[in-house]
Amino acid sequence: MEKSAYKELKETLLTKKKNGYDLISQEELSAMETYCTGYKAFLNAGKTERLCVREAIRLAEAAGYQPYTRGMALKTGDKVYVCNRGKALMLAQIGQKPLSEGVQLTAAHIDSPRLDLKPNPLYEDSELAYFKTHYYGGIRKYQWVTLPLALYGVIVMKDGRKMEVNIGGEAGDPRLVITDLLPHLGAAQNKKPLSEAIPGETLNLLLGSRPIGGEDESGRVKLAVMQLLNEKYGITEDDFNSAELEAVPAVDACDIGLDRSLIGAYGHDDRVCAYAALKALLDMEQVPQKTAMCILADKEEIGSDGVTGMQSAAFDAFMEDLCAAQNVPLRACFEKSFCLSADVTAAFDPNYPDVFEKRNESYLNYGIGLCKYTGARGKSGASDADAETVAYVRRLFDDAGVIWQISELGKVDAGGGGTVAMYMANRNINTLDAGVPVLSMHAPFETVSKLDCYETYKGMKAVFQAEQ
Ligand code: MN
Ligand code: MN
């Protein structure tokens, strides 16, 4: 075979994987930087699901979105949202086609792994005051010690008044910390497996050390801390019983790398997809053909259960309300709908090649990562999109010039994961997983590539703008 014929055959028949930087245009590079600046600001404003919802509503209202109330008359082009208990958000722009043609959905989550306070958190030991925590989501416990932490959340009083807590969130604020053993005395701890070296019950937040009252009294540091909290929030110790307080890294998002091509932050999983979906919806220049919807869900990291999770009927209720306004049965709308389940995937990490299958991994700078299925132990817990749905997204993305890749999460036997895709698919909605590849997923400080963030935003736009 001639050399040129061979080359032609190879180019025609074989997949060409390309680094996104060899594909992206100069104009897009500057749009990417602008987009990522907005994303970093979104991360800094929303370190918990409640703060994330608040920031998303602020952005949505600035783009003309209004709160939806049941029975509201809606016409083509209208922009509405429903906030579910301050912790999840559903937005819709009514399309030109009726809901009987289905909706174009994106579903991302805005909860991230963290340390929640227990219901009776405050105690004193050895004249130091602490909060007990209970970790939320799949954390590697050893990563959460000796870090500056901030505490956010709400304390709800019996009369319904809500105290908003923010300790360590502002510049100049004191921070909290969880201490770790010094290496000099770590010999026994060093021998334990990583998963056991830091027991959950040692993840206690250090709050203070300065006693009040006379030296014959006991519990003086705890009382001093309680006095400070009372002065600031008007609470007593009992009020912790009805509180949601979350300790998160007190670290803002920043560029990573000498070339500034990456972003390091707490909570990329899954605010990186949530922001892409939200921003794509808010940036729509024309009324979409089909109704475009963005769902920002809570509770994904602990199974999507509960009233604010993706399994909650809150989603069906909103959909039913929208459908009722057009006299369309909900089931007829669902079966014609498409959902991009937008969640992060693992990026190949050259430091740990053993857990990855190189031919089927997502790589930094190769664009938004599609996952036909997630799951573990033989695809358990995956919705496993059909080939028709994957083909549909391939076409959408290629037509819109989106840089994308398709992969799995690690080697078959290495583990696995899951997300909200199956809960959408269970509703008879064609669903495919896609999202940004992340390094150090679930760590207090995760890393993503700017190019992948931007391509994910373009992917979301392509979903909303789809005509079919
Ligand atoms: Mn996730
Ligand atoms: Mn996660």
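So the sequence shown is numbered by this note's numbering: it starts at 799 and just counts up by one.
Note that CB positions come from ideal geometry on N, CA and C, so glycine has one too.
Keep in mind it's a predicted model, so treat the numbers as computed, not measured.
Quick one: grab the DSSP three-state call for residue i.
i	result
Pro981	helix
Gln1109	coil
Thr1254	helix
Phe1195	helix
Ile937	coil
Ser1135	coil
Gln894	coil
Arg973	coil
His1066	helix
Lys916	strand
Ala948	strand
Ile1100	helix
Met799	coil
Gln902	strand
Met1091	strand
Gly1173	strand
Ser823	coil
Glu1118	helix
Asp1211	coil
Glu1015	coil
Gln1263	helix
Val1153	helix
Gln987	helix
Ser993	helix
Leu812	coil
Leu872	coil
Val943	coil
Val1188	helix
Ser1059	coil
Taking only heavy atoms of ligand 2 into account, decide whether any of them is closer than 8 Å to the Cβ of residue i.
i	result
Glu1099	yes
Ser1102	no
Ser1059	no
Asp1231	no
Ser910	yes
Met1239	yes
Val1142	yes
Gly1208	no
Gly1214	no
Gly935	yes
Does the beta-carbon of residue i, which I'm using as the reference point, lie nearer than 8 Å to any heavy atom of ligand 1?
i	result
Asp957	no
His907	yes
Asp1067	yes
Thr1106	no
Thr1254	no
Thr813	no
Thr1217	yes
State the start and end residues of the unbroken alpha helix (DSSP H) segment that holds residue i.
i	result
Val851	Glu847 to Ala860
Met1222	Ala1219 to Ala1223
Val1023	Arg1018 to Tyr1031
Glu1346	No answer is possible for residue 1346: it lies beyond the span of the chain, which begins at 799 and ends at 1266.
Where does the unbroken beta strand (DSSP E) through residue i begin, and where does it stop?
i	result
Glu962	Lys960 to Ile965
Ala1232	Asn1228 to Gly1233
Ser1247	Glu1244 to Ser1247
Leu1005	Leu1003 to Gly1006
Asp1053	Cys1052 to Ile1054
Give the DSSP bridge partners of residue i, in chain order.
i	result
Asn882	Ala886
Ala1041	Ile953
Phe840	Note: Phe840 sits in no beta bridge, so no partner.
His932	Asp914
Leu926	Asp923
Ala1180	Beta-bridge pairing links Ala1180 to no other residue.
Val757	Absent from the model: residue 757. The displayed extent of the chain is 799 to 1266, so no value can be given.
Ile1166	Trp1202
Val1046	Ala948
Pro865	Tyr879
Arg1160	It is worth fixing the name first, because residue 1160 is Ser in this sequence and not Arg. Bridge partners of Ser1160: Ala1145.
Beta-carbon of residue i versus every beta-carbon of chain B: anything under 9 Å?
i	result
Glu1029	This model lacks chain B altogether; it includes just one protein chain.
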